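Peer 1:
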Amino acid sequence: MSNKIRVRFAPSPTGGLHLGGVRTVLYNYLFARRHHGEFILRIEDTDQSRFVPGAEEYILDCLRWCGLMPDESALTGGPYGPYRQSERKEMYRGYAEKLVAAGHAYYAFDTPAELEEMRQRYRTAENPSPQYDHRLRGAMKNSLTLGEKETARLIGEGIPHVIRISMPADQILRFTDLVRGEVEFNTGTVDDKVLLKQDGMPTYHLAVVVDDYLMKITHAFRGEEWLPSAPVHLLLWDYLGWKDSMPQWAHLPLILKPDGNGKLSKRDGDRLGFPVFAMNWTDPKTGELTTGFRERGFLPEAFVNMLALLGWNDGTGKEIFSLDELVNAFSLDRVHKGGARFDFEKAKWFNHEWIKAATPERLLPDVKAALQQEGIDTNDDEYTKQVIVLVKDRCTFTTDFATQAGFFYRAPEQPDMQAAAGKWSPEKTGFFRELADSLPPAAGDAAAVEQVFKELAAKHGLKVGELQLPFRLMLVGGKFGPAVFEIAALLGAAETGRRISRGLQALA
RNA sequence: GGCGCGUUGGUCAAUCGGUUAAGACGCUUCCCUUUCACGGAAGAAUGACGGGUUCGAUUCCCGUACGCGCUACCA
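Here the first sequence is numbered in the numbering used here, starting from -14 and rising by one per residue.
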């Protein structure tokens, strides 16, 4: 099948995987699944200086956690490999030279110092950043100004050079963007982008076109920051003779920082106290650790759900979507054009909703991990699942289970004396002594505990309401947690009794 | 500076010319609950501004302002 839909996510392995990156993955994934197509992960590691070891594996780990695994990648292989551009290096030069031969590109020998000098020399108030373009290339050191013989000589001598595209001086280019509609550019405003670098590696511009062609990509989604270079890509598709195979483009809106201006960066997360990366990322050079959504206590279902709604909605007002539901509902024409500010409060809400709706079985591994963090080892999964049912409504993060459920495993050190202050009086001691001895033996029967509690309260001439808080403090330690009788029932008669005597000692 | 894209409440946003301009988050108040939550109810927008087109514009067009992006041998 030659018209099968194929999309790709093409990150550079330069560090942690950003929110916006995951959303781009998600939209690719949803589109592919929706149309029964294929989703490819291609690693764009053409910049040797920015390469960070481990980043590629990390990206894959993030995708795995999110449940957005590609159909083809360097990991799984596939019919269009290799999937790392560094391993495809030899393929690009030929295409660049073909462009030179056709007069659409040229060799340029300018050194970095010479380029800098050009920028200085032509810099004016009206034009603060002069470009290497149709107006200036005649004044630079390239095959256009040097002539054929001299160019051949320099290349023969192995003089370092790049290949630049020759952007037409004044040509209107149009294309239809899947989210923006008709977009128009004048080629004269774009500089002669480097296509092939001095080290023989392609730049993004050449690589993306060649690889999208070779990998038979039908739809290409990327961030809005790429829109200005679209004319370069359009021209390349044309010059290389592949116009009919050009993918349909969709430039996605940016995710903006919650305050101030600009796109969201990892710095904003550090500054405002929320994660920006999908998972923990440790910079191998500096050793600096950046917290991820996973470690912060997010469920991948919630993370993905939240991301999907940041720039898209189905028009019905529905907000909670499973991945499968997203696959069915997703469409590019409902993707927003404007950037969206990231709101961590809303992200928390999504997570809370997913935790509330999750089954104890789903939550079990995360809860055990959270308790483990607090040094609590759980061995009775059935017990833990009952605990989960009782406390999950009050957990926003999976990590919250540590504080919300810890007392089910560990008796409180000391009841919150401050909270007890107004609610405790010595004459209640007798009631609690008797309660400790009268607890119903059957575990899990909250109603029975409540009944005994109330009967005893009446017998002692005390108000039930006045006794509940002290009871809670003995069992939990503080003013939080589910209904006391539920807690006592789950703890069991023996443990509840022990906590009562301990509490009595502390309060006396 | 140039080029491009964008602009509905603090935030995410519905509306594809005609509604009292949805809904959600957050916030405030109240109810429920003698814990903390959950749940329920209520409150808060002169649709950036100015021109058009139209019987009628938040919706279409133009301009202005503002915001963002790009302007690297980084992606």
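The beta-carbon is built from N, C-alpha and C at its ideal position, and this holds for glycine as well. Only a predicted model underlies this, so the values are computations on that prediction, with no experimental measurement involved.
Identify, in the order they occur along the chain, each residue of the same chain with its Cβ nearer than 6 angstroms to the Cβ of Ser(-3), setting aside the five sequence neighbours on each side.
Peer 2: Counting only Cβ-Cβ distances below 6 angstroms, and skipping sequence neighbours, we find Glu29.
Peer 1: Compare the C-alpha of Val261 against each of Lys341, His3 and Ala(-5) and name the closest.
Peer 2: For Val261, the nearest C-alpha among the options comes from His3.
Peer 1: Relative to the C-alpha of Lys408, which candidate in Ala421, Met459 and Leu375 has its C-alpha closest?
Peer 2: The option with the nearest alpha carbon to Lys408 is Met459.
Peer 1: In this structure, how does DSSP classify Asp268 when only helix, strand and coil are distinguished?
Peer 2: Asp268: coil per DSSP, three-state reduction.
Peer 1: Our contact map puts Leu199 next to Tyr65 with C-beta atoms below 8 angstroms; I'd like the distance itself, whole angstroms only.
Peer 2: Indeed, because the Cβ distance is near 7 angstroms, the residues count as touching under 8 angstroms.
Peer 1: Determine the extent of the beta strand (DSSP E) in which Trp234 is found, giving its start and end residues.
Peer 2: Gln233 to Leu237 is the span of the beta strand (DSSP E), which, as asked, contains Trp234.
Peer 1: With distances taken between CB atoms, is the gap from Leu220 to Met125 smaller than 9 angstroms?
Peer 2: Cβ atoms of Leu220 and Met125: not closer than 9 angstroms.
Peer 1: Which word fits Gly156, buried or exposed, when buried means at least 16 other C-beta atoms lie within 10 angstroms of its C-beta?
Peer 2: Looking at the sequence shown, residue 156 is not Gly but Gln. Counting Cβ neighbours within 10 Å, Gln156 comes out exposed, since fewer than 16 surround it.
Peer 1: Indicate the three-state DSSP secondary structure (helix, strand or coil) for Leu158 in the structure shown.
Peer 2: Correct three-state label for Leu158: strand.
Peer 1: Quick check on His321: buried or exposed, where buried means 16 or more other Cβ atoms within 10 Å of its Cβ?
Peer 2: Looking at its Cβ environment, which holds fewer than 16 other Cβ atoms inside 10 Å, His321 is exposed.
Peer 1: My output table needs one value for Arg27: the three-state DSSP class, helix, strand or coil.
Peer 2: Three-state DSSP puts Arg27 in coil, outside helix and strand.
Peer 1: Note the first and the last residue of the continuous beta strand (DSSP E) segment covering Gly92.
Peer 2: A small correction: the amino acid at residue 92 is Tyr; Gly does not occupy that position in the sequence shown. From DSSP, the beta strand (DSSP E) with Tyr92 extends over Ala90 to Ala93.
Peer 1: In chain order, what residues of the same chain lie with their CB nearer than 8 angstroms to the CB of Met(-14), ignoring the 5 residues before and after it?
Peer 2: With a pLDDT of 46 at Met(-14), under the threshold of 50, the predicted position of this residue should be treated as unreliable, though the coordinate-derived value follows. Answer for Met(-14): no residue qualifies.
Peer 1: Going by beta-carbon coordinates alone, are Pro400 and Leu492 separated by less than 9 angstroms?
Peer 2: Yes, they are a contact pair.
Peer 1: Answer yes if the region 77 to 90 comes into contact with the region 184 to 203, meaning at least three C-beta pairs across the two stretches below 8 angstroms, and no otherwise.
Peer 2: Touching, yes.
Peer 1: Going by DSSP in three states, Ile(-10) sits in which element: helix, strand or coil?
Peer 2: Ile(-10): coil per DSSP, three-state reduction.
Peer 1: Across which residues does DSSP place Gly277 in a beta bridge pair?
Peer 2: Phe262, per the DSSP bridge assignment.
Peer 1: With H, G and I counted as helix, E and B as strand and the rest as coil, what does DSSP make of Ile150?
Peer 2: It is a strand residue.
Peer 1: So Arg326 and Pro243 are supposed to be a Cβ contact under 8 angstroms. How far apart are they, rounded?
Peer 2: The Cβ separation is near 6 angstroms, so the contact holds.
Peer 1: Would you kindly check if the distance between the Cβ of Leu181 and the Cβ of Ile148 is under 9 angstroms?
Peer 2: Yes, they are a contact pair.
Peer 1: Between the alpha carbons of Thr130 and Thr31, how many angstroms are there, rounded?
Peer 2: If you take the alpha carbons of Thr130 and Thr31, they lie about 29 angstroms apart.
Peer 1: Is Gly247 helix, strand or coil when you go by DSSP?
Peer 2: If DSSP states are grouped into helix, strand and coil, Gly247 belongs with coil.
Peer 1: Where Asn290 and Gln453 are concerned, what is the direct C-alpha to C-alpha distance, given to the nearest angstrom?
Peer 2: If I take the Cα positions, the gap works out to 40 angstroms.
Peer 1: From the DSSP output, read off the bridge partner residues of Val168.
Peer 2: Phe160, per the DSSP bridge assignment.
Peer 1: Would you list the one or two residues that DSSP bridges to Ala205?
Peer 2: According to DSSP, Ala205 bridges with Trp234.
Peer 1: Is the distance from the Cβ of Gly208 to the Cβ of Gly5 below 9 angstroms?
Peer 2: Taking 9 angstroms as the Cβ cut-off, Gly208 and Gly5 qualify as a contacting pair.
Peer 1: Starting from the Cα of Met231, find the closest Cα among Asp197, Ser214 and Glu210 and give me that residue.
Peer 2: It is Asp197 whose Cα lies nearest to the Cα of Met231.
Peer 1: What is the residue span of the alpha helix (DSSP H) that Leu308 lies within?
Peer 2: From DSSP, the alpha helix (DSSP H) with Leu308 extends over Leu308 to Ala314.
Peer 1: Report whether the distance from the Cβ of Arg484 to the nearest heavy atom of the ligand PLP is below 8 angstroms.
Peer 2: Of the ligands one can find in the structure shown there are none, so the ligand PLP has no counterpart to examine.
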